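Just below is one structure, and these are the notes that go with it.
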Amino acid sequence: MSAELHSMSLSTATGQVADYDPLIRLWMLRLLSRTSAGARIARRGLENDDIAYFLGYEPSGKGNKVKEFTDWCHAAIAKAEAATPEMQGVLFDNIHMLSGALGLAPAEEEVIAFKALSVSNSILAELMFKGLGGLSENQLARALSVALGRKLCELERAMRTESALFSSGLLALERGIMPYSMKVGAQPGLINSLLSSQNSMDDLIAFATNRTMPPALRLEDFPHLAQDADVLRRFLSSIKQDGLAGVNILLHGQPGVGKTEFVKSLAAELGMRLYEVGMTGADGEALNSQERMAAYRFNQKVFARDREVLVLFDEIEDVFPSPRQKPDRKEIDKAWVNRILEANPVPSFWLSNNIWQIDPAHLRRFDYVIEVTNPPRSVRRGILATELRGLPVTETALTQQVEREHFTPALAGKMGRVLQRIDLKDADDADRCLDRLVTSHIEAQGHGSGGRYPVPGHYRLEYLNTNVDVTGLATRLATLPQANLLLYGPPGCGKTAYAHELARSLDRPLLVRRASDLQSMWVGETEKNLARMFREANTEGAILLLDEADSFLQDRRGATRSWEVSQVNELLTQMECFEGIFLCATNFLDRLDGASLRRFGLKVQFDYLTTEQRIAFFGELVSELGIAQPDDLADIKIRRTLAELTNLTPGDFAAIRKRWYLIESQRDPLALLEAVGEESSIKPDGQKRAIGFSG
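Printed below as a string of structure tokens:
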């Protein structure tokens, strides 16, 4: 059997012409001749042995087999060293390319080559395992010194953790005594990259980092981040000129809001190249946190002298150690991560969907922390319109979709990806498909349908019974930069619907938050959500409606827990600072804190419908449902009954309309009146009267 069949040489492994077998044989002969490996291998027996075949050794089977083999190795090594195999070819070309960026010492270059060829050549790997066994750090340095023919001090320097070889993350050294293959690890994808022909440095380092694609947006498309963009642009421009270590910028926010696109746009504005830390290895498998951190360290080393580069580290949630880790591990990790954040030569952007797990000791080391919120509706609409360019989607549909609170730029991209490949029949078909796609995505993210508030089609300001004339209120508010309004009254009287009507009249977006959107089980998190709500409304230029406001403005005199007071305080503080129109809606005025009531410049009471409004509402409903007009006798009865049902609201008539379409078959005004009476009677303050009407 020929030696070639037992050797996974570079020529067979990668299809390259170069053959590294002579170099590998030289390394092996040195180890066999100058360490105890030769005797160990000989004692195991060399008949039909892969190592013997690869070296070209044929045992005689006579005499002392150990002495015979070691004598042969000494004779063979003299010939091998005289031939002096050259370190050239694809592997060494790639190593030299890396060395130019990392500043590797010659010994470090050869350590990488040894690792690469021990992976690609099974015979060398077998010798290291069978001949040397478990290795300590000192034994490893001595073994590599022998194999590579270099001074021990060179290898000891190369094997230090602070060497360019190991501090770059290319190789990792495990502590303890273990076989070479376990003792020295390589960054995922490194070996395959080194053994393959590469066209450029970017191709070579793709195992750890990739240059990002050009941005699809410009900085002008992030008006809500204009101030942050301006500060970062000036800050990074200065660093680009002068250089500064330890520059780290943290961006956090919900998925899909454009964190990555913002960084790409900023890099493009600065004329700098942006490289993203890898998330997957060459085999497509996701990298774990240690592997990704090694890839980050490599980025920092390879671009350390290039002031035209920025580094992007996305999805860092699994990289930073949580404060909940075991104490014995936490302190080690914390100190190590702190050093990473203090000494990086290349400015870095760290992106996260949330930062709750990041230790405060790490957070304070970031130079700039930005919460990236969803862009304003106008920006989202522009992005969606661009993605759907050429499709028969109506302007109304575009506006409706971006008004959904959880519609993000990333979602717009998905819509374009799908709809651009569908043969849409007409505008109705396009609008339906768009609505279905958006709804399914938002529901899958746990946000319900994310639809717009369904303002009733019959909504009329004249059907509101308020203590303030609200018909001209929109005109007055249009001239005011700031106003706090309290809307109070029984459910169904039109408080929330009025907020939507007001936003429509002022041509402003409406941001609605309810108690369930803001309250958190974590202490302090509700206060953060309240502050975030005001920031988002300010960014959007939106009218802000806090529904169920009594949950946060309850009387502090009855508070039994500290957080009940802190939530009220936070909301009142944010109200004072908010430069916009803020509406609070509540069904329970008597529960509100006295101090909070003073913060509202206008308190609007929404009460039950007046008798005239109830009669007018009923008459409109009769016409809409196609019911015959009542005769004089029935009309008298209807008016008398409606005068007695004093607890009816616009919401009740909306519910009756839905009920009628579902179950009513009689087209009789008295049957409709009976339905109205039932709606009134089932309410807590309903009229206690029998169902039905007698003549």
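Okay, so the sequence shown: first residue is 2 according to our numbering, each after it adds one. For each residue, glycine too, the CB sits at the ideal point set by N, CA and C. Predicted, not measured: the structure shown is a model, and the values here were computed from it.
For residue j and residue i, the rounded distance between their alpha carbons
i	j	result
Y58	L311	54 Å
A586	Q614	22 Å
L105	F236	32 Å
A268	Y369	16 Å
L546	I582	9 Å
I96	L251	33 Å
T611	E621	15 Å
V338	L174	18 Å
V677	L481	41 Å
A386	N211	30 Å
V248	G190	28 Å
F130	S121	15 Å
E463	R418	46 Å
E270	F223	13 Å
S3	F55	With a pLDDT of 36 at S3, under the threshold of 50, the modelled position of this residue cannot be trusted, and the question is left open.
L118	A108	15 Å
S238	S349	14 Å
D319	G254	16 Å
L233	W351	14 Å
R381	G595	40 Å
L593	S521	21 Å
R151	P180	21 Å
A498	L220	36 Å
G46	I78	20 Å
Q188	F167	10 Å
L511	L554	21 Å
A398	E404	10 Å
R1	E69	With the chain covering 2 to 696 only, the question about residue 1 has no answer from this structure.
A217	A504	31 Å
L488	G383	34 Å
G272	R461	55 Å
Q483	G602	10 Å
K684	K415	46 Å
T261	R365	22 Å
Exposed unless 16 or more other CB atoms sit within 10 angstroms - verdict on residue i
i	result
A413	buried
V264	buried
Q575	buried
K184	buried
C578	exposed
G514	The sequence given here places Arg at residue 514; Gly does not occur at that position. Result: buried.
M214	exposed
D508	exposed
D50	buried
R293	buried
E277	buried
Q291	exposed
E286	exposed
N200	exposed
Y713	Here the chain comprises residues numbered 2 to 696, so residue 713 is not present and cannot be evaluated.
P361	exposed
Proximity to residue i [Cα-Cα], best of the options
i	options	result
G244	N345, L275, H225	N345
P492	N588, A428, I544	N588
E372	L385, I356, A386	I356
R143	S169, T36, E110, I206	T36
D427	V394, G135, L488	V394
N530	T540, E541, S517	S517
A53	A79, G64, R26, S182	R26
L205	V91, Q358, G525, R381	V91
L172	I113, A148, S146, I124	I113
S681	A644, I664, L663, G391	A644
S567	G525, L103, K604, G542	G525
L646	F408, V471, F619	F619
S441	L673, Q402, E528	Q402
M280	L634, Q606, I317	I317
DSSP bridge partner residues for residue i (one or two, in chain order)
i	result
I250	F350, Y369
A173	G186
L465	Beta-bridge pairing links L465 to no other residue.
C585	L487, L547
Residue i beta carbon near the ligand SAH (any heavy atom closer than 8 Å)
i	result
H501	With respect to the ligand SAH, the structure offers nothing, as it holds no ligand at all.
Nearest-angstrom beta carbon gap, residue j and residue i [assumed within contact, 8 Å]
i	j	result
L133	W28	No, L133 and W28 are not in contact; Cβ-Cβ is about 12 Å, not under 8 Å.
L32	A148	5 Å
A84	P23	7 Å
T409	G257	4 Å
E309	R274	6 Å
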